[in-house]
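Mapping of the sequence shown onto the numbering used here: residues 47 to 205, in sequence order. Positions of the beta carbon are idealized from the N, C-alpha and C atoms, including for glycine. Contents: one structure, followed by commentary.
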Amino acid sequence: MPQDKSIFEIGSAFGRDANFMESLGYKVNRSDAASSFVNYLHEQGSSCQLFNALKDDLSDSTFAVFASAVFLHFTKHELENVLKRMYAKFDDGGLLAFSVKCGIGQEWENEKLGRKRLFCYWQPNELQNLLSKFNFEILYLEQDEEQKWIYIIAKKNNL
47 MPQDKSIFEI GSAFGRDANF MESLGYKVNR SDAASSFVNY LHEQGSSCQL
97 FNALKDDLSD STFAVFASAV FLHFTKHELE NVLKRMYAKF DDGGLLAFSV
147 KCGIGQEWEN EKLGRKRLFC YWQPNELQNL LSKFNFEILY LEQDEEQKWI
197 YIIAKKNNL
């Protein structure tokens with residue numbers, strides 16, 4: 047990715063991924079749907095905006111979006127709606143990188159944060175079908191060794 051383009055990170059949380067991408071010379075615009083994470087990043091000296099991908103739109107010209115372990119908290123229908131709205135805002139050739147958990151179905155669990163969170167599981171072919179529906183070309187799709195996570199990089203094709 048050209049370093050003169052910025053990356054919009056959805057779900058920055060503690061800023062680990064954004065810090066790494068910045069160490070490689072990229073400009074990262076941090077965001078999170080949880081005000082606690084936004085406040086934490088502000089306290090750490092990083093800018094971060096409140097952004098909920100289920101209801102907020104990207105800016106009119108977005109080149110790259112990074113969402114690590116965020117889309118797994120959306121139902122399949124919600125993710126379809128998010129991708130549809132995002133696609134309209136991406137620059138031609140824009141990049142989308144994200145990860146979801148591999149599996150079948152969905153469940154609510156309350157580990158880690160002490161409150162219930164949805165986990166929606168995916169199969170690689172489901173993601174391929176969903177992304178192709180919106181004219182995203184998959185550049186990279188891989189599962190980790192334990193087959194727990196699916197990692198995707200996709201590009202907006204010109205129409």
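Comparing alpha-carbon positions, which option in the options lies nearest residue i?
i           : options               : result
residue 204 : 120, 65 and 139       : 139
residue 55  : 131, 172, 81 and 144  : 144
residue 57  : 194, 146 and 70       : 146
residue 177 : 164, 133 and 162      : 133
residue 121 : 163, 186 and 83       : 163
residue 194 : 165, 186, 184 and 185 : 165
residue 112 : 185, 76 and 161       : 76
Kindly say whether residue i, judged by its beta-carbon, lies nearer than 7 Å to any beta-carbon of chain C.
i          : result
residue 85 : Absent from the structure: chain C. Only one protein chain is present.
Mapping the DSSP letters down to three states, classify residue i as helix, strand or coil.
i           : result
residue 116 : coil
residue 83  : helix
residue 64  : helix
residue 23  : Here the chain has residues from 47 to 205 only, and residue 23 is not among them.
residue 95  : strand
residue 194 : coil
residue 75  : strand
residue 51  : coil
residue 101 : coil
Could you check how far apart the C-beta atoms of residue i and residue j are, in whole angstroms? I think they sit under 8 Å.
i           : j           : result
residue 47  : residue 142 : Rounded, the Cβ-Cβ distance is 12 Å, inconsistent with contact.
residue 197 : residue 188 : 5 Å
residue 131 : residue 103 : 6 Å
residue 201 : residue 182 : 7 Å
residue 110 : residue 53  : 5 Å
residue 148 : residue 169 : 7 Å
residue 71  : residue 49  : 5 Å
residue 78  : residue 59  : 6 Å
residue 73  : residue 108 : The Cβ separation is near 13 Å, so there is no contact.
- Message: Would the region 146-154 count as touching the region 87-102 if we require 3 or more Cβ pairs under 8 Å?
- Response: no
- Counting only runs that start and end within the region 117-170, where is the alpha helix (DSSP H) found for 4 or more residues in a row? 122-135
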